[in-house]
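Colleague: Quick one: structure below, then a few questions.
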Amino acid sequence: MSETGIISQEYENTAELFRAINQSVIVLKKKHFNLTGAAQVTNEDLSEARKLLTDLLRQLIEELEHEPSPLLTEAATEATSLQVPPFFIKRLQERHSGEMQWYLKDLRELLQALEEGRPLTGDLITYLDELCGQLDAETTAIHRRLWRK
Amino acid sequence: MPAEFFSGQVRLLLKRCRTMIERLNSIQNLPAELHPYAKELDTKLNQIASAIEKLINDPDFGATPLLVNQFDIYKRFSELVNTFEWHPLALLDHYNERDLYFYRLAKLFCGQIQYPYQPPLMNAHSNEYFSSLPPTNIVSVPLCEDKHLLALPDFVHELGHIVYAHLWRKFIAEFKPYLQQYIADQKVRVANQASSTVYQDKFDLLEQVWTQRYVVEFFCDIFATYLVGPAYGWSHLRLVISSQSELYHPSFGEAQTHPADEARMRIILATLEEMGDDTAAQAIKDKWKEFTSIVIDKPDGEYHFCYPDDILQRLARQVIKECRDIDLIPYFDQPKEEHNLPSLMIEAWEQFHSDPANYPAWETAKTDALKSLLS
Chain P
27 MSETGIISQE
37 YENTAELFRA
47 INQSVIVLKK
57 KHFNLTGAAQ
67 VTNEDLSEAR
77 KLLTDLLRQL
87 IEELEHEPSP
97 LLTEAATEAT
107 SLQVPPFFIK
117 RLQERHSGEM
127 QWYLKDLREL
137 LQALEEGRPL
147 TGDLITYLDE
157 LCGQLDAETT
167 AIHRRLWRK
Chain X
907 MPAEFFSGQV
917 RLLLKRCRTM
927 IERLNSIQNL
937 PAELHPYAKE
947 LDTKLNQIAS
957 AIEKLINDPD
967 FGATPLLVNQ
977 FDIYKRFSEL
987 VNTFEWHPLA
997 LLDHYNERDL
1007 YFYRLAKLFC
1017 GQIQYPYQPP
1027 LMNAHSNEYF
1037 SSLPPTNIVS
1047 VPLCEDKHLL
1057 ALPDFVHELG
1067 HIVYAHLWRK
1077 FIAEFKPYLQ
1087 QYIADQKVRV
1097 ANQASSTVYQ
1107 DKFDLLEQVW
1117 TQRYVVEFFC
1127 DIFATYLVGP
1137 AYGWSHLRLV
1147 ISSQSELYHP
1157 SFGEAQTHPA
1167 DEARMRIILA
1177 TLEEMGDDTA
1187 AQAIKDKWKE
1197 FTSIVIDKPD
1207 GEYHFCYPDD
1217 ILQRLARQVI
1227 KECRDIDLIP
1237 YFDQPKEEHN
1247 LPSLMIEAWE
1257 QFHSDPANYP
1267 AWETAKTDAL
1277 KSLLS
């Protein structure tokens, strides 16, 4: 059997997460930079964007901290709406291997600001952009494997 | 990247999308049974075109702080457009009789197994053996398969990829805790060894590659075994003999798209045993042993970490349950009728074993009969 089926599944899962995360980042950046479209961003949009990013960051921090995962119950796992592709975690591990503690500190700082609904600083926006950029790079890499073998 | 260049490229992508819609709607003589697929493709392309227009009409389109995010959106649209242009549109544009024959064969098979989704479009000129592209609901088969039967179980494996795309969230959520527990237990076991850090990293990789890749491929193997039984086991043996010499790779610390062929055969056998077909499992196991005794490749010292029996058996049980939950008919409940495809795939392998010299003629008669039925 060819690799197409499996790689296209990887691509779909990663692209789907990317679209959701990128859209959330756009919503926050429209507000942060007070762009023309910021007036159309509702409180509900903002709240959804923060929740999605918070869910993502919690999962990423847990995975990157390498803490032994307790046996998750089926219900608890199913309740998690975000499915973070394992190879995206791997990419982050490799990219930040020499500075993981610093990177985790940045992610925790970002998570805390989002959880508390605080306005994001320029640094925090940069962290979000970097995260989104890595997810885009992972999605693009899979797509290239799919069609430019 | 200058905003003008970027916005120009986005507008060109919109033009390409509209050209594709025009091309799709100008296709002549498409068989009536494919009209729903053409309509669905038209809907998808129009949705993409609308989404691109929405991006262009965003009051912040091209705004410097959002340029990187919008560029990435454009890339995703571009990937989608390419996928639909290169696959379903190209297929429908060049549709021929063999594509239609395989579509009807797939539709017949789907009806006989109580497949709960729309049957796939079939592309009968694959350039990479059997393959599938779940987002487009297309399965590709090699050009001459209409004259053969023994590899057809691999079509069923590809159908499994499409089913997995429907079920994967729930499926992986249920399976992952057991895999994580296994990995955690193994990490504890090797924690005091000198090369512990290396092992921990390799176990991390094992969990990642299992969750993202191997589980999908194993799902499809079990799915196919559930539906066509020993025919899939024999088909796997046939494929391995014709194309593979490294039966025990990927091993520990390696990551590829497909798990090792040895493990795939083990999960096929586990599925047959789980379904109570010990006789068929034993027959395939005996032939597999004969084959592995003559190949040079042997498992390395860490192979046993990668595909433990317990995990494979748990996965087999879970997929079988999933198949039952969506009311798919297992192979042993299929009627032994002439045009029942799951039974025919099994019968073809039985015929091959019992009379290999005369099998080609038998196969030709059967494929001719199928052609008459489906024309």
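Sequence order for the protein chains is P and X. Just so we're aligned: the first sequence equals residues 27 to 175 in our numbering. Just so we're aligned: the second sequence equals residues 907 to 1281 in our numbering. No residue lacks a Cβ here, since even glycine has one placed at the ideal position from N, Cα and C. All values reported here derive from a predicted model rather than from experimental measurement.
Assign G148 of chain P to one of two classes, buried (16 or more other C-beta atoms within 10 Å of its C-beta) or exposed (fewer than that).
Modeller: exposed
Colleague: Look at I958 of chain X and L920 of chain X and say whether their C-beta atoms are less than 8 Å apart.
Modeller: yes
Colleague: Let's test the definition: count the other Cβ atoms within 10 Å of the Cβ of E1196 of chain X and tell me whether it reaches 16, buried, or not, exposed.
Modeller: Exposed is the label assigned to E1196 of chain X, since fewer than 16 other Cβ atoms lie within 10 Å of its Cβ.
Colleague: Excluding five sequence neighbours on each side, which residues of the same chain lie with their C-beta closer than 6 Å to the C-beta of G968 of chain X?
Modeller: A909, S913
Colleague: In chain P, which residues lie less than 9 Å from D1233 of chain X when you measure between Cβ atoms?
Modeller: Those within 9 Å of D1233 of chain X in chain P number zero; the least Cβ separation is about 22 Å.
Colleague: Closer than 7 Å, Cβ to any Cβ of chain P: which residues of the segment 1116 to 1133 of chain X, in chain order?
Modeller: T1117, Q1118, R1119, V1122, E1123
Colleague: Taking just the CA atoms, how far does K1191 of chain X sit from W992 of chain X?
Modeller: Whole-angstrom Cα-Cα distance: 41 Å.
Colleague: Using three-state DSSP, classify N1029 of chain X as helix, strand or coil.
Modeller: Three-state DSSP puts N1029 of chain X in a strand.
Colleague: So the beta strand (DSSP E) I1044 of chain X belongs to, where does it begin and stop?
Modeller: 1044 to 1046
Colleague: Check whether the Cβ atoms of K1193 of chain X and L1143 of chain X sit closer than 8 Å, and answer yes or no.
Modeller: yes
Colleague: Name the two residues that bound the continuous beta strand (DSSP E) containing W1038 of chain X.
Modeller: Rather than Trp, the amino acid found at residue 1038 of chain X in this sequence is Ser. Residues 1037 to 1039.
Colleague: On the criterion of 16 or more Cβ atoms from any shown chain inside 10 Å, does T1185 of chain X qualify as buried, or is it exposed?
Modeller: exposed
Colleague: Which bits of chain X does V51 of chain P rub up against, with CB to CB less than 8 Å?
Modeller: N975
Colleague: Whose CA, out of X:G1182, X:H1164, X:N1043, X:D948, lies closest to the CA of Q1150 of chain X?
Modeller: X:H1164
Colleague: Go through its chain and collect everything with a Cβ distance to E164 of chain P's Cβ below 6 Å, but skip five positions before and after it.
Modeller: T40, F114, R117
Colleague: Taking D1203 of chain X as the reference, which of X:I1173, X:V1146, X:A1222 has the closest Cα?
Modeller: X:V1146
Colleague: From what residue to what residue does the alpha helix (DSSP H) around R144 of chain P run?
Modeller: First-last for R144 of chain P: undefined, no H or E at that position.
Colleague: So, does the CB of P112 of chain P fall closer than 8 Å to a CB anywhere in chain X?
Modeller: yes
Colleague: Indicate whether the contact test is met: 3 or more Cβ pairs, each with one atom in the segment 940 to 949 of chain X and one in the segment 974 to 982 of chain X, closer than 8 Å.
Modeller: no
Colleague: From the DSSP output, in three-state form, read off M1181 of chain X for me.
Modeller: coil
Colleague: List, in order along the chain, the chain P residues whose C-beta lies closer than 7 Å to that of H1210 of chain X?
Modeller: Within chain P, no residue comes near H1210 of chain X; the closest Cβ sits about 22 Å away, beyond 7 Å.
Colleague: Just reading off the alpha helix (DSSP H) that W992 of chain X is part of, what are its end residues?
Modeller: From DSSP, W992 of chain X is part of no alpha helix (DSSP H); its letter is neither H nor E.
Colleague: Mind checking the segment 1057 to 1073 of chain X against chain P and listing, in chain order, the residues whose C-beta falls within less than 8 Å of any C-beta there?
Modeller: For the segment 1057 to 1073 of chain X, the set of positions with a beta-carbon nearer than 8 Å to some beta-carbon of chain P reads D1060, H1063, E1064, H1067, Y1070, A1071 in chain order.
Colleague: Indicate whether the contact test is met: 3 or more Cβ pairs, each with one atom in the segment 1217 to 1231 of chain X and one in the segment 1113 to 1132 of chain X, closer than 8 Å.
Modeller: yes
Colleague: Pull up the CB-CB distance for L161 of chain P and L79 of chain P, whole angstroms please, since I reckon it's below 8 Å.
Modeller: At roughly 12 Å, the Cβ-Cβ gap does not stay under 8 Å, so L161 of chain P and L79 of chain P are not in contact.
Colleague: Are the beta-carbon atoms of L1247 of chain X and Q1018 of chain X separated by less than 8 Å?
Modeller: yes
Colleague: Excluding five sequence neighbours on each side, which residues of the same chain lie with their C-beta closer than 8 Å to the C-beta of V34 of chain P?
Modeller: Looking at the sequence itself, residue 34 of chain P is Ser, so the reference to Val does not match. Excluding five sequence positions before and after S34 of chain P, the CB atoms of its chain that fall closer than 8 Å to its own CB belong to L172, given in chain order.
Colleague: Is F979 of chain X close to chain P, meaning its C-beta is less than 8 Å from at least one C-beta of that chain?
Modeller: According to the sequence as given, residue 979 of chain X is Ile; it is not Phe. Under the Cβ distance rule, I979 of chain X counts among the residues neighbouring chain P, one pair being separated by less than 8 Å.
Colleague: List, from N- to C-terminal side, the alpha helix (DSSP H) runs of 4 residues or more that fit wholly inside the segment 1173 to 1259 of chain X.
Modeller: 1184 to 1200, 1215 to 1231
Colleague: Where does S1281 of chain X land, buried or exposed, given buried means 16+ other C-beta within 10 angstroms?
Modeller: That one is exposed.
Colleague: If we define contact as Cβ-Cβ less than 8 Å, is N48 of chain P a contact residue for chain X?
Modeller: yes
Colleague: Does any residue of chain X have a CB that is nearer than 8 Å to the CB of E74 of chain P?
Modeller: no
Colleague: Considering G31 of chain P, what are the terminal residues of the alpha helix (DSSP H) in which it resides?
Modeller: 30 to 58
Colleague: In whole angstroms, what separates the C-alpha of L1133 of chain X from that of R922 of chain X?
Modeller: 41 Å
Colleague: So, for V53 of chain P: in the same chain, excluding its five sequence neighbours on each side, which residues have a beta-carbon less than 7 Å away from its beta-carbon?
Modeller: Result list for V53 of chain P: V67, D71, L72, A75, in chain order.
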